[in-house]
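Worksheet: one structure, shown below.
Residue numbers (my numbering), protein chains in the order written: chain L, 120 to 659; chain W, 2 to 493; chain V, 23 to 327; chain Y, 48 to 323.
Following this line, the structure appears as structure tokens:
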């Protein structure tokens with residue numbers, strides 16, 4: 120691309136400090152009209168602070184230095200009134216969380232029209248008309264009822280479209296999108312990204328697309344800046360960036376994102392460890408009376424699944440498809456409406472419930488790792504106590520020294536130190552916590568570990584390490600995994616077999632490569648197509 | 002007979018009959034601490050009823066005057082048969098009730114028959130039990146026949162419970178009283194006030210006031226504030242004696258201090274095993290410093306008494322010396338009685354003389370080694386536990402009925418004094434008609450109960466009132482429970 | 023359904039509680055020298071001789087047709103007494119609430135807008151003081167200053183609305199102020215913290231990104247969202263103000279509901295106590311119901327489609 | 048913009064004053080400047096002097112000594128009432144949260160709503176009318192209304208904890224609801240309970256003052272701030288110290304407790320919100 124025209128946005132030596140900690144360090148960035156500029160980096164790298172500094176919306180505790188020129192006008196020297204005039208009119212911003220980023224008490228029409236009304240002298244009807252046309256542009260049918268709807272009546276994707284509409288209502292020159300699709304399902308993500316990039320081109324906007332997902336940028340951004348610890352370590356055109364991988368950090372990021380742990384060899388004829396037979400799970404609808412029959416909402420509908428010893432099975436699907444509910448049902452945390460679950464030859468769950476003793480017999484054989492590395496641990500217990508918790512109510516609980524040894528073993532096997540057992544959970548990073556969670560799952564020497572989005576909250580580099588650890592442990596202990604995830608990249612990395620789930624039912628089951636490379640079900644094809652991927656040829 | 006009812010312990014009514022001068026201001030707001038539960042004096046016991054309606058709305062055949070004497074009211078005059086059994090009353094002519102109907106002998110017969118009937122709810126029914134027959138001889142003549150002679154019958158008829166009511170309006174008398182008095186009832190805002198208006202067709206001397214409002218303020222602080230702020234013109238039974246010096250110092254106000262019939266006593270349960278020993282009761286009497294109680298609880302208002310008798314009565318004997326404050330003697334007596342670590346319950350009803358006096362007495366008893374456990378009770382609880390249940394050691398209460406020493410002759414009365422000798426004295430008194438005999442017997446009775454240290458005799462309750470300095474004609478003393486406004490007027 | 027059940031449960035609790043109160047209303051009415059037969063006659067007349075179950079049913083079924091019984095002491099229908107008291111208590115509660123709102127909402131908004139600054143610290147300090155002051159003590163000081171020394175208003179009492187609206191409002195002013203101080207302090211704190219809560223929400227940032235100034239954001243977006251916790255507190259306060267003015271009504275000798283109950287308890291006019299407490303509970307449940315409706319008006323998420 | 052970091056300071060002041068009041072209350076057990084049980088009518092209504100630092104009341108008792116013992120009464124009643132509320136309310140709230148959506152939860156919440164619907168002061172007066180006025184019954188009356196407060200706060204906070212993954216992890220380990228409540232839930236809501244306890248403590252002192260003001264609190268001769276106010280009200284114009292000092296004592300104590308409570312809330316855990 121030719122760089123003759125003056126950049127629309129010119130950020131020079133931007134530094135942001137909070138409580139004398141440097142968050143953004145002498146950052147320089149130029150954006151051109153009509154182009155999408157990617158800003159990549161892991162959490163805490165300062166991406167969002169950069170965006171907020173450009174918008175002049177830094178928290179009160181932060182201070183910024185340097186210069187931000189928008190179309191030649193210095194934003195850093197504007198007061199808040201001046202910035203108010205520019206925000207919404209000359210530049211707009213889209214945030215990550217569509218569920219909370221819209222005022223729940225205001226109709227979407229009013230929220231979009233508000234951008235128009237506070238910047239122009241347009242009347243009520245006219246601003247509503249503009250709002251309607253902008254909503255129409257982002258794909259929200261703008262009949263009158265549409266304008267009068269409230270955010271809670273819309274899906275996440277629709278809300279994100281409303282967000283876009285209110286940001287582009289006055290056709291700003293600059294649009295900043297901060298992780299605009301991170302909270303969305305992959306199929307929704309694809310369409311939102313298409314919409315954004317189409318808008319940037321059509322309305323000649325400069326767009327700053329901030330994301331942690333390199334694959335998203337590979338597909339949509341013309342240029343990419345990579346941020347690490349507040350600094351831009353590399354900036355290049357997309358393809359060049361991926362092909363050359365000049366900077367070490369960029370290399371790490373790219374290799375982590377596409378990381379594949381060593382495949383685990385295993386015998387194909389291993390016996391079935393976990394059998395899920397025609398299981399249905401659901402809830403009684405709130406407000407429904409005890410006496411009406413069809414008062415339940417079924418989340419998981421009549422599904423069957425088996426996991427063999429040493430096998431790793433991925434259960435993949437979008438949010439709300441019932442995959443986590445099924446996982447909880449297998450763990451005995453949800454009652455079954457129908458069907459049964461058998462583990463290692465023992466029936467552990469069936470509709471109508473089973474005595475506690477049925478579960479106790481095999482309790483040590485099945486463990487779980489949850490997604491949230493922050494919410495998974497009681498902050499008031501020592502790590503050793505946390506790790507030892509699964510021994511509770513096992514028939515043969517080790518005591519004293521044996522217990523200490525078991526905990527030490529588990530900690531060592533996930534790459535932590537024995538001394539870490541005396542510490543508390545707040546002393547550990549997210550990745551370390553997920554290791555502790557795995558240690559906790561390992562301590563009873565289980566046969567099956569259920570991993571519920573266990574790596575989704577981790578940055579790519581950490582994720583790669585944890586995936587390696589999981590692969591290693593599986594090989595060492597002949598473990599079976601049931602991996603619940605929405606991320607096809609993770610599926611590819613860890614699963615022998617994959618089960619695709621949609622609206623409570625299984626739509627496709629098969630070996631990972633076969634399902635992902637040659638999907639047979641329409642939904643699977645859609646899913647695979649929508650999953651962003653760095654073109655393999657760029658990585659050659 | 003003697004009456005002692007719960008409400009009346011608050012009751013501090015007033016009297017002073019003066020000629021009424023016409024003044025520019027013709028309305029008055031009178032403060033009262035307690036609100037009457039209803040306005041029918043023949044159907045309720047509360048003193049507050051009489052304090053509103055007595056002499057103002059309702060009248061009886063006879064009535065009390067400010068000085069305590071009883072004079073003719075609706076009855077012009079009467080004759081008594083020689084055997085003292087038949088009373089013939091001549092009624093005033095031209096007396097009408099507020100509804101316009103005339104008051105005649107049939108109304109009198111109705112009222113008295115109703116009061117003494119089997120199902121009567123008259124609180125002072127016993128006043129009428131001596132009546133054997135009431136006859137309307139002609140419209141202006143009533144003949145009453147008694148079963149036994151009764152020297153105090155004329156006085157009994159002056160009670161608020163003996164007022165004359167009309168059969169047509171008696172059913173609504175609780176909320177809309179219709180009487181023959183100089184004021185008519187206009188309205189009652191429950192919880193706040195009762196309003197009266199001048200009766201234009203009053204049979205007697207018309208009153209100076211055109212309107213009168215009784216306002217009910219139970220809280221002493223609020224009473225003080227209302228008086229100070231001028232919201233109330235007169236508060237005859239003013240409940241915060243500690244503030245009287247302020248009113249005295251303020252020329253806008255006049256402080257009226259009078260006497261009541263209220264003997265304030267430390268009632269002692271004579272049947273309690275801790276107190277049945279006279280030495281212990283005597284020790285209690287000597288442990289008490291009356292003046293400290295009068296100063297501390299009543300801020301100096303009150304007269305020490307040594308027996309159950311009003312000091313302003315001619316037959317009063319000052320026996321305070323017999324139970325003079327002497328803590329050492331009290332300790333000796335206790336030692337002599339062989340009691341140690343005596344602990345007594347002291348149950349106090351709401352009035353401040355009891356609550357404050359109780360705290361002082363507790364401290365004084367502690368000085369001589371007697372511990373008390375104070376329990377502050379509401380009237381309902383006090384009635385239940387102390388008066389009826391007799392579950393107490395000590396209590397403080399003011400007996401406000403006139404000439405009520407006879408209660409000591411009733412061994413079932415709550416303090417349970419049972420003395421054959423005293424009972425004989427009272428029986429003799431009932432039959433005695435010679436004034437000097439009566440005087441002797443009354444003095445003997447006073448001496449007897451003082452000698453037996455039945456109760457701790459503290460002080461005669463003073464009637465402390467505050468009024469706007471321009472008001473005249475309010476009662477000073479309280480011979481009966483009343484706020485007689487017939488003689489009240491404003492000066493300029 | 024829930025409504026009826028709550029009321030039924032409440033009525034039972036109240037009845038049982040009142041049954042436990044020692045003291046006989048008839049004995050109280052007749053005084054200490056009442057003859058036993060007089061007492062029995064009165065008890066029968068008041069219906070006190072029936073067994074508790076019968077009296078409960080009598081009471082509840084009476085209330086259902088609007089008959090709350092007849093006061094033992096006043097011997098007038100309880101409904102009449104209550105309505106006479108309500109014309110004092112209700113306006114007092116409304117005045118106190120209005121005062122409280124008028125003070126608290128601007129103060130809370132002002133403090134929230136200046137979070138951490140001297141004005142905020144000052145306002146919050148005053149509200150802390152307002153919460154800590156016993157209202158009867160404050161009332162006492164008010165009377166001393168405004169009624170006795172300055173003689174601007176009367177020390178208490180209520181002339182009745184027929185004396186004119188101005189006179190009525192004047193009589194209720196000091197009590198309303200005394201009641202409002204604590205309520206306003208609580209409310210101001212709630213307004214402030216609710217506003218600060220909503221100001222950290224994502225949609226506030228979105229609105230700022232749209233170009234709204236801090237002030238516009240506060241007025242257009244934060245305020246309405248902050249109304250939800252504020253409404254909850256307002257509902258609680260109104261319930262409290264109707265019933266909770268017992269002491270204040272005594273200080274200002276106002277003929278209100280609170281004093282009626284207090285008097286009813288001390289005079290063992292149990293039918294009045296029962297009925298008024300029931301009425302207060304009913305009022306609280308009604309207020310909660312109305313608050314729920316108000317939630318739905320403010321928050322579309324709570325509306326039924 | 049100059050920012051005043053007021054919270055830590057407020058917390059310090061609050062805690063310090065609370066400690067002083069508590070210390071004074073405890074000290075009154077062994078020493079007061081003058082005896083508070085003696086009555087000395089001759090020395091009544093004296094203005095502040097070197098003998099009587101704050102003057103004397105209408106019975107000639109030393110006001111300062113009365114205030115010290117009154118602090119003990121108020122504090123003891125409030126602490127025990129809050130303790131009663133916690134002792135009953137916290138287990139109720141914990142069980143309700145553990146059985147979320149079950150009949151027990153329903154029962155606790157309905158019961159809470161019912162108690163909340165009753166006018167506090169009126170019922171407190173009724174309770175003392177039933178059982179007779181005494182400090183114990185004041186504790187009971189105040190305590191009963193603390194039960195739903197703690198039940199509600201505990202339930203709300205516990206429900207938030209119950210959604211955490213570590214609860215799920217514990218359940219997978221086969222731990223029962225009761226055990227999880229004690230081991231995982233209670234420790235993690237304890238700071239919230241301390242904060243609420245502090246605030247209820249302050250409220251308790253106010254309610255106790257109100258009850259003893261109408262004569263239903265601790266009985267004489269034990270001094271209590273509320274009754275001291277009631278006793279001295281009519282004397283405010285000639286002995287203002289009698290009405291002013293007990294009032295100030297209440298204000299200062301409640302203020303200190305509220306400051307401490309608010310400060311603790313921010314200090315112990317900035318994430319927790321005032322539960323309603």
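All C-beta atoms in this analysis are idealised placements derived from N, C-alpha and C, irrespective of residue type, glycine included. Source: prediction; values computed, not measured.
- Around the C-beta of residue 270/V, 16 or more other C-beta atoms lie within 10 Å, and the residue is accordingly described as buried.
- In this chain, the beta strand (DSSP E) harbouring residue 189/L covers 181–189.
- Counting C-beta atoms within 10 angstroms of its own C-beta, residue 173/W has fewer than 16 neighbours from the protein chains shown and is therefore classed as exposed.
- Bounds of the alpha helix (DSSP H) holding residue 249/W are 245–250.
- Per DSSP, the beta-bridge partners of residue 129/L are 149/L and 188/L.
- Between the alpha carbons of residue 293/V and residue 208/V lies a gap of roughly 34 Å.
- Residue range 305–321 is occupied by the alpha helix (DSSP H) that includes residue 313/L.
- Residue 380/L: not part of any alpha helix (DSSP H); DSSP gives it neither H nor E.
- Annotation: the continuous alpha helix (DSSP H) that includes residue 60/V extends over 58–68.
- When CB distances to chain W are screened at a threshold of 7 Å, the residues of the region 276–304 of chain Y falling below it are 280, 281, 282, 284 and 285, in chain order.
- Within the region 420–484 of chain W, the alpha helix (DSSP H) runs of at least 4 residues that lie entirely inside it are, in chain order, 421–432 and 436–452.
- The beta-carbon of residue 197/V is placed no less than 9 Å from the nearest beta-carbon of chain L.
- The alpha-carbon of residue 259/W is positioned some 33 Å away from that of residue 84/Y.
- Interface with chain Y (9 Å Cβ-Cβ cutoff): residue 52/W is excluded.
- A residue is called buried once 16 or more other Cβ atoms fall within 10 Å of its Cβ, and residue 282/Y is buried on that count.
- In the DSSP assignment, residue 230/Y falls outside any beta strand (DSSP E) and carries neither an H nor an E.
- DSSP places residue 207/V within a helical segment (H, G or I) once states are collapsed to three.
- Annotation for residue 192/W: 36 and 217 place their beta carbon closer than 8 Å to its own, counting only its chain and skipping 5 residues before and after.
- Annotated three-state conformation of residue 99/Y is coil, per DSSP.
- Interface flag for residue 290/V against chain W is set, since a Cβ pair is found closer than 9 Å.
- Within the region 96–111 of chain Y, the residues whose Cβ lies closer than 7 Å to any Cβ of chain W are, in chain order, 105 and 106.
- Straight-line spacing of the CA atoms in residue 127/W and residue 69/V works out to 25 Å.
- The criterion of a C-beta distance shorter than 9 Å is satisfied by residue 266/W and residue 309/W.
- For residue 184/L, the CB contacts under 6 Å within the same chain, skipping 5 residues up- and downstream, are 134 in chain order.
- If you look at residue 84/W, you'll find it isn't in any beta strand (DSSP E); DSSP assigns it neither H nor E.
- Annotated three-state conformation of residue 215/L is coil, per DSSP.
- Cβ neighbours of residue 81/W within its own chain (closer than 6 Å, five residues either side excluded): 88.
- Look at the beta carbons and you see the region 57–77 of chain Y touching the region 104–119 of chain Y: at least three pairs across the two are nearer than 8 Å.
- For the pair residue 329/L and residue 280/L, the CB atoms are not nearer than the 9 Å cut-off.
- Nearest to residue 270/W by C-alpha distance, out of 125/W, 419/W and 262/W, is 419/W.
- The CB of residue 212/Y comes closer than 7 Å to the CB of 489, 491, 494 and 495 in chain L, given here in chain order.
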